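Going line by line, the protein sequences match chains A and B. For the record, in the first sequence the residue sitting at position 427 is 427 according to this note's numbering, with numbers rising by one throughout. With the second sequence counted from 1, adding 577 to any position gets you this note's numbering. In this text, a Cβ means the ideal position worked out from N, Cα and C, and glycines have one as well. No experiment lies behind these values; they were computed from the predicted model shown. Read through the structure below, which is laid out as structure tokens, and then see the notes.
Number of protein chains: 2
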Amino acid sequence: MDFWRATTLEEQIDTAMGRQEADLVLKGGNVFNVFLKTWEVADVAISGSKIVGIGQYKGRQEIDVKGLYLTPGLMDAHVHFESSMLSPREMVKVLLLNGVTGAITDPHEITNVLGEKGLRFMLDETANIPFSAYLMIPSCVPATDMDTSGARITPEDMEHIRKLSPRILGLAEMMNFPGILGKQQNEMNKMKLFYNQKVDGHAPGLSGKELNAYVAAGITTEHECVTPAEAWEKVRRGMYVFMREGSAAHNLVDLLPLLKKPGNRRLCLCTDDRHADDLIEQGSINYLLEIGVAQGYDPEDLIPMATLNIAECYGLKHVGALAPGYVADIAVFENLQSFQPVHVIKGGVQVVKNRKLLWKSDPVLEPPGQSMNMRPATVEDFRIPAKKNKKLRVIGISQTQLLTSELHLTPTVQNGEAVSDIGRDILKMAVFERHHNTGNIGLGFAFGFGLKKGAIATTVGHDSHNLSVVGTNDEDMAVAVNRLREIGGGLIVVSDGEVRATVPLAIAGLMSDRDAMAVNSQIKQLNFWLKELGVPEEYSTFMILAFTSLPVIPELRLTDRGLVDVVHFEHVDLWCE
Amino acid sequence: MDFWRATTLEEQIDTAMGRQEADLVLKGGNVFNVFLKTWEVADVAISGSKIVGIGQYKGRQEIDVKGLYLTPGLMDAHVHFESSMLSPREMVKVLLLNGVTGAITDPHEITNVLGEKGLRFMLDETANIPFSAYLMIPSCVPATDMDTSGARITPEDMEHIRKLSPRILGLAEMMNFPGILGKQQNEMNKMKLFYNQKVDGHAPGLSGKELNAYVAAGITTEHECVTPAEAWEKVRRGMYVFMREGSAAHNLVDLLPLLKKPGNRRLCLCTDDRHADDLIEQGSINYLLEIGVAQGYDPEDLIPMATLNIAECYGLKHVGALAPGYVADIAVFENLQSFQPVHVIKGGVQVVKNRKLLWKSDPVLEPPGQSMNMRPATVEDFRIPAKKNKKLRVIGISQTQLLTSELHLTPTVQNGEAVSDIGRDILKMAVFERHHNTGNIGLGFAFGFGLKKGAIATTVGHDSHNLSVVGTNDEDMAVAVNRLREIGGGLIVVSDGEVRATVPLAIAGLMSDRDAMAVNSQIKQLNFWLKELGVPEEYSTFMILAFTSLPVIPELRLTDRGLVDVVHFEHVDLWCE
């Protein structure tokens, strides 16, 4: 791949005027005008990294795009790269292949594990690449004080972090909306600090006066809307609403009717969390466009939500349109139903040619180092002595939503110990603190995982990302924990004392340092073995497990410090009357 | 008028939540939602200077606005305050009475007279007032090198000027578009300096590759469009287009059809140049809304052009909408045909109540000092010895446009001198340099002013603002010049050696230090005396005279350094074959 050369303003003017040949011309395509929502057959002339003219131009390099459709490079308004389990650079490769040339990212997960070092890793790995990765500073590190996170980011830390790079645009999703409404000092300090920058929101269902207060505090984006009415109230009150279609959350189709209303300049598209396999097999924001078109919406109305609207929302100049002075980020499509790009130009450089990626990079340049700081597990760690005449507080898993329920069940006891019961689908679960070698181990039981043998474990565990394990027997659970400890984290399936499949996630226990195709194969292998262990194919077992330790979603969760009753926001005992 | 008190974020949240009474509530009006272009019957709750809630609220102070229409305070996207001849503070008073609470101003005229001192005067006089005056740094001081301006602003000067205040948003209208297309070093330096800020445009008729080049250079607004096709091409290429309705330029009705197209979020309203009498008798941006409604357009489509679109164009956060977190700038109208506001709230404070202004201020706080630096004139200064067998180059005035023509006419000679000839309507004209006491006097003749006796003079003379005088006899011309010199500049009518009417413009010879009503009376008196001297009522004599010295509009102009052939851009002799 040729890297772009910097051109002077004088050269750009000469190129625009046709006095000198452009560096690159896309000849004769259907050029989308995002301002007018129209198409224009024209050449796009590029000088260095910038578009300088739309019209008739000659170039030293020319790409024939006659009959093809050119749009601004797509953007994702809100995405956690970590959710893909791909390294930032592998994620970028997949995004470029999908026509996505920029994203507003929130490195919430890695920062909860590694703190500022994690954020800097994301910043450094996305520097000087053919992709515009903007970062929001995670607002909630840790998310709660009910468990043990890897790090803590205070408002004072944020004050210097936000000066690290012009790619840092503000404060990431403020999930602690009760903290805002309740005027918690820490949250107030953050809002004051970012008053003149962008602050993203996360306030599912907030309405009326509470919404007024949340928005008045300076929070002006929202990606958690599930109904048009909710979204519409939020736009009405001044928010940009992002329609989300992630691997788990599917809100796009419900919200698309809003696109027909005059406020549609305040609507954007985002994926939030999207796994490697979905990204590779379905796509990213381009997949959202495909859904929109399939639902009968005009591509001319959909594309601004993935381009200009996002640029306006975040105050990004020179991005999001095909017009003179704009950065030459361009996706070239064969038709307006399947948005798999034929070519992609990023900053004036062709990065995808005939659906092949031209940009080469190792998955990781500078790994952030080891994140597993815990002693090995023994089978003894999993022992739960039975208590007479007491019942177990069991986490009731749902396979269709992240909410859990608190169940009070009679334990199955063997040799004086409460044990997993495959027949009743009540399995032992444990959460090992893995950041500070505290030795914390939370023990409990979960109903509904469907595992018939063996054990599974993961170091992806929102938001503190301790090591969660669930299994049919203590031996396999110990093997799973210890193997993850050895390989630096990941996802694992164990049975009969043997490791059956792993997705090693050497980067903070969250992301792989392998290439995207390898990760995709590992995930397939993992899913194969999950099925072998009796889990129905339609279950999102690892995703469910990753949220079983998040003590902010009702009702009952297991952390490294034991069970949490999220309704009353307090630690509770495993045993009850 | 009570000034607003600063409230804390905590108080704002408590007010939004309804936990404490608001400082001010506008009760039960029809509240315009600029995002959705809809109306909502609701209370608007204000804490300090900010709107914190739309809904049902109680306030320590309440204003009953039932049945009335609330819009965001109107804004003017581009205005030269000097054109009103009112001091900045008097201008603001008139604007507030018209529901205008903010404006993007270009202090082009005063800066051409007083340089940075003039710009600072505009900045200081608009500080700490109930009005948001944003400033763009004049890009063309001087406009040309064909005459003598009061000052020069270099790119180096701009570098420190732009840091003077956060109200300085960028570079004002770049009139020197040939300089941009021709890559003049000075203009290139300015564009590089302001690459990340806003640069306003001024490029009438520019199209195709020239437009590409102009926009690629970083210029992204335009207020000179006269046809929908021109405006549409400019929006297509990424510009914001301002529909203008000034005292002289009337483009609004021609451009309004664009409002029906999808690109209307890129359209704004501006007045550019509007005189005191028009402001007082017709209004400002509110008058443009009236025109739009009278032409059959929906107020819901028109209002965003005077509010949110301008805020987005200039990247102004917290302005341009009625929503939580936005500055409480609100205009309250009785109906949606006549946009003369009943009440106006600026920054949470009622500044207009029942159509009366509550804000009190002297017209000027700190006058910038004397700007007339020239010796007195004598009748000898006006003598033009006749040349045998030669013709005069005469400036042919048009009463309908600013273009002039170059006429070659036989002089009327008395006592060996070329003199004014009332019968042929060929009048002597002179331009006195008034900034640096150079003694420069340009002499010439003009056809078409229609004056039957006496003389008229003005220190408003674009863009260098020297003293221009035209008259039927040398004696009255000398009286006019000397009186303007004594009073510090202004407009004047003289006949029979007597001063008949003046509009003293003590501020840089451009603006009055009197209140708006006094200025309006003086203008009426001036117009009465113009009529007495034989000038038809429909002539815009003083405006025409103010442009007769501007050596950038074809064909022939008179400067302090003599006649300029604007077609060939060179000085020419008064006499020709």
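In terms of CA proximity to residue 755/B, 781/B leads the group 781/B, 841/B, 740/B.
Those residues of the segment 10 to 21 of chain A placed with their C-beta closer than 7 Å to a C-beta in chain B are 10, 12, 13, 16, 17, 18, ordered along the chain. Inter-residue distance for residue 269/A and residue 254/A is about 13 Å (C-alpha atoms, whole angstroms).
For the pair residue 686/B and residue 1040/B, the Cα-to-Cα distance works out to about 6 Å.
Per DSSP, residue 236/A lies in no beta strand (DSSP E) segment; the continuous alpha helix (DSSP H) that holds it begins and ends at 228 to 236. Proximity of the segment 1043 to 1060 of chain B to the segment 1000 to 1010 of chain B meets the contact definition, three or more beta-carbon pairs being nearer than 8 Å. In this structure, residue 905/B keeps its C-beta atom at 8 Å or more from the C-beta atom of residue 590/B. For residue 237/A, the nearest beta carbon of chain B is closer than 8 Å to its own beta carbon. Here residue 355/A is exposed, its C-beta having fewer than 16 other C-beta atoms within 10 Å. In terms of Cα proximity to residue 891/B, the closest of 654/B, 1137/B, 1086/B, 1145/B is 654/B. Residue 42/A is bridged by DSSP to 29/A. Counting along the chain, residue 500/A sits inside the beta strand (DSSP E) bounded by residues 498 to 504.
Listed along chain B, the residues sitting closer than 7 Å to residue 263/A by beta-carbon distance are 612, 613.
Interface criterion met: the Cβ of residue 758/B is under 8 Å from a Cβ in chain A.
DSSP, read as helix, strand or coil, puts residue 659/B in helix. Per DSSP, the unbroken beta strand (DSSP E) holding residue 392/A starts and ends at 391 to 396. Here residue 760/B carries a coil assignment [DSSP, helix/strand/coil]. Nearest C-alpha to residue 1074/B among 1084/B, 1066/B, 1056/B: 1056/B.
Under DSSP, residue 47/A shares a beta bridge with 50/A.
Inter-segment contact for the segment 71 to 89 of chain A and the segment 506 to 518 of chain A is present: three or more beta-carbon pairs are separated by less than 8 Å. For residue 673/B, the enclosing alpha helix (DSSP H) covers residues 665 to 674. Close partners of residue 324/A in chain B (Cβ separation under 7 Å): 789, 792, 793, 814, 815. Between residue 52/A and chain B, the shortest Cβ-Cβ separation is below 8 Å. Cβ proximity to chain B below 8 Å picks out 261, 262, 263, 265, 266 from the segment 244 to 273 of chain A. In the displayed model, residue 790/B falls within a helix according to three-state DSSP. Residue 977/B counts as exposed, since fewer than 16 other beta carbons sit within 10 angstroms of its beta carbon.
Within the segment 188 to 201 of chain A, 188, 191, 192, 196 place their CB atoms closer than 8 Å to a CB of chain B, listed in sequence order. If you look at residue 406/A, you'll find it isn't in any alpha helix (DSSP H); it sits in the beta strand (DSSP E) that goes 405 to 409. CA-CA distance, residue 41/A to residue 26/A, rounds to 11 Å.
Neighbours of residue 786/B across chain A, judged by C-beta separation under 8 Å: 16, 17, 18, 53, 55. Neighbours of residue 894/B in chain A, taken as residues at a C-beta separation under 8 Å, are given in chain order as 196. In this chain, residue 911/B is not harboured by any beta strand (DSSP E), its DSSP state being neither H nor E. For residue 524/A, the uninterrupted alpha helix (DSSP H) run begins and ends at 516 to 532, by DSSP. Chain B places no beta carbon closer than 8 Å to that of residue 125/A, leaving this residue out of the contacts.
DSSP, reduced to helix, strand and coil, places residue 943/B outside both helices and strands of the structure shown, so it counts as coil. If you look at residue 287/A, you'll find it in the alpha helix (DSSP H) that goes 285 to 294.
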